[in-house]
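If you read the sequence shown in full-length UniProt numbering, its first letter stands for residue 1, the second for the next number, and so on. Backbone N, C-alpha and C fix where the C-beta goes; we use that ideal spot for every residue, glycine too. One structure is given here, and the rest of the page talks about it.
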Amino acid sequence: MSDPKQRIISHMNKDHQLALVDYVVIYGNVPLASFVPSSVQISDVNESQLDISYQKIDGEKKTLPIVWNHAVEREGVAVHSLSDVKGKLVAMAKYAADKQGYSHVQIKTVAYPRRPLEIGLYVFGAAILATLYDKHLLRRLAANDRLFSAVANYLPFLGKVHTVFENHVKTIAVAMYGIHIVEIFTWTLPLARKYRIPFPQRLGWAAMNFVEGFMVPRRLKSLVA
């Protein structure tokens, strides 16, 4: 069986460096801009304390000792042995992230649309673009398609709906995408900040929100549910 101490150090340094950065900022009271985040590593851990090493922007190397009994967090986890360290580190990660206005969970991915309604909104967006380009383009395409013509014969009200769509497409587009833009700035981007989504992925979430609307922030939140 591997050494518990080395297992903790290896796991945290490899998979939870963001939490270590938060520890330095909150428990060490060190401004994020003053050190190199990628340099942060656990150098030692025992039943009494955690030692974190990091490098300042000017190149100076520092060590931050965090005594378990002095490490404030909301769950009141006590460390009596190395088996208690995991629970303490998790509680500290939640506390340190929350103090900065973040979640201790980071989202690094983009979840693409899969449900029929989500995909349908891209089709609807394409229909809007086509109609803005040429008001009667979709009508001509449908007239030359046997399936669409047959459906139109059985469901004549669809023609009336499409006429309304043609005549009011600009209003529909401005209203719908205007609401989506508001959602981006009031819902999706605040969530992206909370979960510290990297900039390229953040742009992806915002772009999908522009097309899909409220389903995107709901899908984003489902990743951490």
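- When secondary structure is reduced to three states using DSSP, Q100 falls in the coil class, being assigned neither helix nor strand.
- Counted as a single uninterrupted DSSP element, the stretch harbouring K62 is not any alpha helix (DSSP H) but the beta strand (DSSP E) occupying residues 61-67.
- Note on geometry: alpha-carbon atoms of R193 and Y102 lie some 7 Å from one another.
- The alpha-carbon separation between A19 and F35 amounts to approximately 15 Å.
- A residue is called buried once 16 or more other Cβ atoms fall within 10 Å of its Cβ, and E73 is buried on that count.
- With 16 or more other CB atoms across the displayed protein chains lying within 10 angstroms of its CB, R202 is buried.
- Judged by beta-carbon spacing, Y95 lies beyond the 9 Å limit of I66, meaning their Cβ atoms are not closer than that value.
- If you ignore the 5 residues before and after W205, its C-beta comes within less than 7 Å of the C-beta of V110, T188, A192, I197, V216, L220, all in its own chain and listed in chain order.
- According to DSSP, residue pairing for S48 in a beta bridge does not occur.
- The alpha-carbon separation between D58 and V24 amounts to approximately 17 Å.
- K56 has F35 as its beta-bridge partners, per DSSP.
- When the five nearest sequence neighbours on each side are left out, the beta carbons in the same chain lying within less than 6 Å of the beta carbon of A93 are those of A19, H104, in order along the chain.
- DSSP places S81 in the coil class of the three-state scheme, outside both helix and strand.
- The three-state secondary structure of Q106, taken from DSSP, is coil.
- Shown here, I8 sits in a helix according to DSSP, grouped into three states.
- Linking Y122 to S53 through their CA atoms gives a straight-line distance of about 48 Å.
- With respect to V90, I8 sits apart: the two C-beta atoms are not nearer than 9 Å.
- Per DSSP, the continuous alpha helix (DSSP H) segment holding Y177 begins and ends at 169-183.
- One Cα belongs to L82, the other to K62, and the distance between them is close to 24 Å.
- DSSP places I26 within a helical segment (H, G or I) once states are collapsed to three.
- According to DSSP, residue pairing for I119 in a beta bridge does not occur.
- Taking C-beta atoms under 8 Å as the contact rule, I184 and F214 fail to qualify, at a distance of about 11 Å.
- Counted as a single uninterrupted DSSP element, the alpha helix (DSSP H) harbouring G204 occupies residues 199-212.
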